[in-house]
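The structure appears right after this line, and notes come after that.
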Amino acid sequence: MAARLLILQPLDRRSLALATISTVVEWYDFTLFLYLTTVLSRLFFVGENAVLTTLAGFAVAYLLRPIGAIVFGHFGDRHGRRATLLASMTLMTVAMGLTALLPTVAQIGPAAGMLLLLLRCVMGFAVGGEYTGVVAYLLEGALPHRRGLVTSLAAATSEIGGLLAAGVAALTVNLLPTPALDAWGWRVPFLIGAALAGAILVARAAMRESPEFEIQRAAGTLVRHPLGHALARHRPGVLRGFAISALGSITYYVGITYVPIYLVSTGGLTEAKALQLATIAGVAVIVVTPLAGVLADRFGRRPVLVGLALLSALLPYPLFRLLAGAETGPAIAGAVLLAILAGGVSAVGAVATAEQVPVEGRLSGLALGATSATALFGGLTPWLAQILTQRSGAPAAPGMMIALVALGVLPVLLALPETRPRGAD
37 MAARLLILQP
47 LDRRSLALAT
57 ISTVVEWYDF
67 TLFLYLTTVL
77 SRLFFVGENA
87 VLTTLAGFAV
97 AYLLRPIGAI
107 VFGHFGDRHG
117 RRATLLASMT
127 LMTVAMGLTA
137 LLPTVAQIGP
147 AAGMLLLLLR
157 CVMGFAVGGE
167 YTGVVAYLLE
177 GALPHRRGLV
187 TSLAAATSEI
197 GGLLAAGVAA
207 LTVNLLPTPA
217 LDAWGWRVPF
227 LIGAALAGAI
237 LVARAAMRES
247 PEFEIQRAAG
257 TLVRHPLGHA
267 LARHRPGVLR
277 GFAISALGSI
287 TYYVGITYVP
297 IYLVSTGGLT
307 EAKALQLATI
317 AGVAVIVVTP
327 LAGVLADRFG
337 RRPVLVGLAL
347 LSALLPYPLF
357 RLLAGAETGP
367 AIAGAVLLAI
377 LAGGVSAVGA
387 VATAEQVPVE
397 GRLSGLALGA
407 TSATALFGGL
417 TPWLAQILTQ
427 RSGAPAAPGM
437 MIALVALGVL
447 PVLLALPETR
457 PRGAD
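Oh and the sequence shown: position 270 is 306 in this note's numbering, straight run, nothing missing.
If you want it as structure tokens, here you go:
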């Protein structure tokens, strides 16, 4: 009877809100690093390939996400979502604070770049357990007919983090002359992130545990080896989660966070103008994300994802050609449309990937599927897009990358089992 009562009691709004806003920190830090890539490249690396080296560091750090997700996922499937989210936020707070205190290459030489890379790896490891933990927590704590909307809020607030990063970076670059920016100004955005993470860590202590996890623990049905359980019992779901996340990752990281780098490195816009454009695109994502979640609750996960995949196959190529024109109006239009597309995929992908594996192995399944795809199609793709653009001379090469992935995952999405709860309106 106690287990049944837990089933009927969703999480209170306070717990859901605390989980939701915590993704602000994760995406603030990672998108801040991308938005400040051209600044960090000249402060921590030397040579004509400094931007590529900085992006490669971002990619390598992102490869730590699946490892962190596996470690935190095992812990979360065994001991609860709340404890996992507290541990990951603690590590993120420390990593951001230390990044703000790093010496530059002018002060200690090549070791500066190595230290920056090391802290990126720590951050990647911590983030591996953060987003998957939040998505699972929101899914398990929401009313069944509102899971798409509630879970999409993780994607929406993560974009708030990205928007905050774009705004802080834009203000820092605009308000400070280059000597001051290089001397101390670049540290301010990372200090802001560390303070924000610390505040959320303190508030997060008041969160309740996921009711679905509590039911499993009370019933004694938790598994001793959740990673092996997910592989043995839910391999198809893990693979489907990989495909969904691959599309979500490349549309987001190439279609949103790489765009400012693209505009600066191709000579189209200044750093300040590119960051202003990124801020406009971020607002568009925040607006469209909950709407996509509502659509997933109303019509189902599969039809919405299939429609978004088709748009991802058709639109990015011409939109990157708009960006390459270097005129402000078309560039804004192209960036906003790319952002809306990516926001829609992220919103529906959040609930769809989490629903592919049941609660006893959910975090581990997300680690194997969704987080692995994010590492490959998120962390590596900005670096690869930069290389393709530079070496091919084709300004729409990043758009072709998105289109190819969309076409590759479309057959998986067409065969996707519908996980929208029956009777949901």
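Cβ coordinates follow ideal geometry from the N, Cα and C atoms, glycine included.
Asked                                                                                                                                                                   : Found
Within 10 angstroms of the Cβ of Trp-220, are there 16 or more other Cβ atoms? Answer buried if so, exposed if not.                                                     : exposed
To the nearest angstrom, how far is the alpha carbon of Ala-38 from that of Asp-113?                                                                                    : Since pLDDT at Ala-38 reaches only 43, below the 50 mark, its modelled position is unreliable, and no value is offered.
Just to confirm my understanding: we take Trp-419, look at its own chain, exclude 5 residues before and 5 after, and list those with CB closer than 8 Å. What are they? : Leu-88, Leu-91, Ala-92, Phe-94 and Ala-95
Quick check on DSSP: helix, strand or coil for Pro-394?                                                                                                                 : coil
Can you look up Arg-244 in the DSSP assignment and give me helix, strand or coil?                                                                                       : coil
Mind reading off the beta-carbon distance from Gly-414 to Tyr-98? Whole number of angstroms is fine, and I expect it under 8 Å.                                         : 6 Å
Return the chain-ordered list of same chain residues with a C-beta closer than 7 Å to the C-beta of Ser-124, the five sequence neighbours on each side being excluded.  : Phe-108, Ala-162, Gly-165, Glu-166 and Gly-169
Round the Cβ separation of Leu-185 and Asp-333 to the nearest angstrom and send it over; I've been treating them as touching at under 8 Å.                              : 6 Å
Using a Cβ cut-off of 8 Å (strictly closer), state whether Leu-154 contacts chain C.                                                                                    : As a matter of chain content, chain C is missing from the structure shown, which is built from one protein chain.
May I have a chain-ordered list of the beta strand (DSSP E) segments no shorter than 3 residues that lie completely inside the segment 116–191?                         : none
Do Leu-359 and Ala-367 come within 8 Å of each other at the CB atom, strictly closer than that value?                                                                   : yes
Taking DSSP as the reference, what is the three-state secondary structure of Ala-406?                                                                                   : helix
Tell me the residue span of the alpha helix (DSSP H) that contains Tyr-294.                                                                                             : Segment: none, Tyr-294 is in no alpha helix (DSSP H) and carries neither H nor E.
Residues in its own chain within less than 7 Å of Ala-206 by CB, not counting five upstream and five downstream?                                                        : Ala-308, Leu-311, Gln-312 and Thr-315
With burial defined as no fewer than 16 other Cβ atoms inside 10 Å of the residue's Cβ, what is the status of Thr-417: buried or exposed?                               : buried
Quick test of your reading: Leu-174 and Ala-55, contact by CB under 8 Å. State the CB separation rounded to the nearest angstrom.                                       : 6 Å
State buried or exposed for Met-159, treating a residue as buried only when at least 16 other CB atoms are found within 10 Å of its CB.                                 : buried
Can you check whether the CB of Glu-195 is closer than 8 Å to the CB of Ile-280?                                                                                        : no
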